[in-house]
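Numbering-wise, full-length UniProt numbering comes out as the position in the sequence shown, counting from 1, plus 285.
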Amino acid sequence: PEHITVQELANRMAERAADIVKFLMQQGQMVRANDTLDADDAELIVEEFGHTVKRVSEADVETGFISSEDPEESKQPRAPVVAVMGHVDHGKTSLLDALRSTDVAAGEAGGITQHIGAYQVQLKSGDKITFLDTPGHAAFSAMRSRGAQATDIVILVVAADDGVMPQTIEAINHAKASGVPIIVAVNKVDKPDANPDKVLQQLLQYEIVVEQMGGEVQAIPVSALKKQGLEELAEAITLQSEILELKANPDRSAEGVVIESQVDKGRGPVATVLVKRGTLSRGQIVVAGSQWGKVRALVNERGQQMKDAGPSLPAEILGLDGAPEPGELFAVVESESRARELVDYRQRQRRDKSSGMSSGGASLEQMMAK
Ligand code: GTP
Ligand code: MG
286 PEHITVQELA
296 NRMAERAADI
306 VKFLMQQGQM
316 VRANDTLDAD
326 DAELIVEEFG
336 HTVKRVSEAD
346 VETGFISSED
356 PEESKQPRAP
366 VVAVMGHVDH
376 GKTSLLDALR
386 STDVAAGEAG
396 GITQHIGAYQ
406 VQLKSGDKIT
416 FLDTPGHAAF
426 SAMRSRGAQA
436 TDIVILVVAA
446 DDGVMPQTIE
456 AINHAKASGV
466 PIIVAVNKVD
476 KPDANPDKVL
486 QQLLQYEIVV
496 EQMGGEVQAI
506 PVSALKKQGL
516 EELAEAITLQ
526 SEILELKANP
536 DRSAEGVVIE
546 SQVDKGRGPV
556 ATVLVKRGTL
566 SRGQIVVAGS
576 QWGKVRALVN
586 ERGQQMKDAG
596 PSLPAEILGL
606 DGAPEPGELF
616 AVVESESRAR
626 ELVDYRQRQR
636 RDKSSGMSSG
646 GASLEQMMAK
């Protein structure tokens with residue numbers, strides 16, 4: 286059953302609800318603005334008011350959201366997005382801290398990374414790298430999966446004293462499933478019981494053949510604690526990203542992926558997003574999963590306000606009407622009505638899914654899509 290309130294229908298047509306009520310009264314129907322209409326009545330009203338009912342397929346709505354490939358000549362080089370993955374406590378967060386020489390691990394409750402953090406660092410060479418931190422804890426498999434999906438390169442952190450462990454293997458599988466190249470960071474080489482060679486041996490079992498073993502995967506011995514091997518690791522990332530020739534069109538409306546989200550007491554819903562292409566600006570209207578809003582502020586990982594965010598740049602968005610699910614896509618849309626339409630569509634789809642309903646036939650929302 287498809288329903289729409291008189292008020293909502295009026296909004297969609299940019300007409301006054303009172304005029305619809307008046308029209309229906311003339312037809313002998315007594316309704317108020319908050320009453321719901323069925324699809325037949327709604328369609329009649331739409332036509333009576335001189336608007337057209339347009340059928341839009343689900344595919345149209347979806348492809349309208351994530352549009353087609355940009356022309357090659359519009360693309361410009363962009364920073365690689367690198368997900369740091371590996372078993373719990375193997376030193377992912379420490380390594381990122383060492384790489385950007387700020388200390389996030391110290392501020393984390395219990396030392397376990399609860400969410401994917403996202404930030405961009407600039408190397409001495411001027412090259413930029415966007416890093417995504419992921420938690421190694423067994424419970425966070427979904428986050429690792431999404432981390433690998435949003436990513437160009439996976440840094441597989443393996444502690445040299447502990448070797449390949451269950452979440453190491455899981456990270457390898459996520460990277461392989463997403464077709465993302467791996468760079469191995471053999472960490473904690475400062476430890477007396479470190480055995481980096483054993484790690485490289487173990488990796489063979491998972492078809493990771495490192496350069497030291499005659500293969501093509503780069504493996505860099507590092508110590509996050511002693512800040513050893515960091516330049517070599519950064520060089521390995523730069524080399525790998527040059528091979529990938531990463532490019533995106535910055536001069537279009539922004540699209541990307543939600544990395545994490547929360548409802549902040551003071552700031553309301555906050556979503557960390559990663560721009561994949563286009564440039565996201567303050568004041569634009571954004572749909573993220575089944576949330577939408579006008580971007581009130583864009584904030585970087587240091588809490589500084591930004592005017593806009595281009596490809597590969599992570600940013601916090603303020604101004605959404607709720608916290609979108611990590612892994613959901615976001616896109617800038619041209620109008621509030623388009624945003625509402627997409628959000629309605631997604632919420633309906635979700636409801637249908639959760640109630641086991643098949644979404645046969647076009648809904649009123651879809652019929653009325655402009
Ligand atoms: P989760 O996010 O919980 O999966 O852990 P993580 O992989 O981010 O590890 P984290 O960076 O929190 O480090 C875990 C522990 O290993 C901490 O006590 C670090 O101080 C220690 N550690 C990290 N890197 C090194 C290293 O290179 N050498 C030594 N000796 N200890 C290290
Ligand atoms: Mg961590």
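Just so you know, even glycine gets a beta-carbon here, dropped at the ideal spot from N, CA and C. Since this is a predicted model, take the numbers as computed values, not measurements.
Burial state of residue i, where buried means 16 or more other Cβ atoms lie within 10 Å
| i | result |
| --- | --- |
| E545 | buried |
| D388 | With a pLDDT of 44 at D388, under the threshold of 50, the modelled position of that residue is not reliable, and the figure given next carries that caveat. When all chains shown are included, D388 counts as exposed. |
| A608 | buried |
| A521 | buried |
| R562 | buried |
| A299 | exposed |
| K307 | exposed |
Contact test: residue i Cβ vs the ligand MG heavy atom, cutoff 7 Å
| i | result |
| --- | --- |
| K377 | yes |
| D447 | no |
| D382 | no |
| D418 | yes |
Residue i beta carbon near the ligand GTP (any heavy atom closer than 7 Å)
| i | result |
| --- | --- |
| V442 | yes |
| G500 | no |
| D478 | no |
| K579 | no |
| S430 | no |
| G371 | yes |
| K473 | yes |
| S508 | yes |
Residue i - DSSP class collapsed to helix/strand/coil
| i | result |
| --- | --- |
| S538 | strand |
| V465 | coil |
| H459 | helix |
| residue 240 | The structure shown has nothing for residue 240, since the chain only spans 286 to 655. |
| L408 | coil |
| L614 | strand |
| N472 | strand |
Residue range of the alpha helix (DSSP H) that includes residue i
| i | result |
| --- | --- |
| M310 | A302 to Q311 |
| R297 | V291 to M298 |
| L489 | P481 to L489 |
| residue 275 | Shown here, the chain extends from 286 to 655; a query on residue 275 therefore has no answer. |
| A600 | Not the alpha helix (DSSP H): A600 falls in the beta strand (DSSP E), residues P599 to L605. |
Residue i to residue j span [Cα, whole Å]
| i | j | result |
| --- | --- | --- |
| S508 | V484 | 15 Å |
| G551 | L603 | 11 Å |
| T415 | R587 | 14 Å |
| L322 | V571 | 29 Å |
| A344 | L408 | For A344, the predicted structure reports a pLDDT of 40, less than 50, and the residue's modelled location is therefore unreliable. A value from the coordinates is still provided. When rounded, the distance between both Cα atoms is 42 Å. |
| A390 | T419 | Here A390 scores only 46 on pLDDT, less than 50, and its place in the model is too uncertain to base an answer on. |
| V331 | Q292 | 13 Å |
| D606 | G578 | 6 Å |
| R625 | V580 | 15 Å |
| L627 | N472 | 45 Å |
| D374 | E358 | 44 Å |
Residue range of the unbroken beta strand (DSSP E) whose run includes residue i
| i | result |
| --- | --- |
| residue 666 | One cannot answer for residue 666 here, as it falls past the ends of the chain, which runs 286 to 655. |
| A573 | I570 to A573 |
is_contact[residue i, chain B] using C-beta, thresh 8 Å
| i | result |
| --- | --- |
| A582 | Among the protein chains of the structure shown there is no chain B, as only one such chain exists. |
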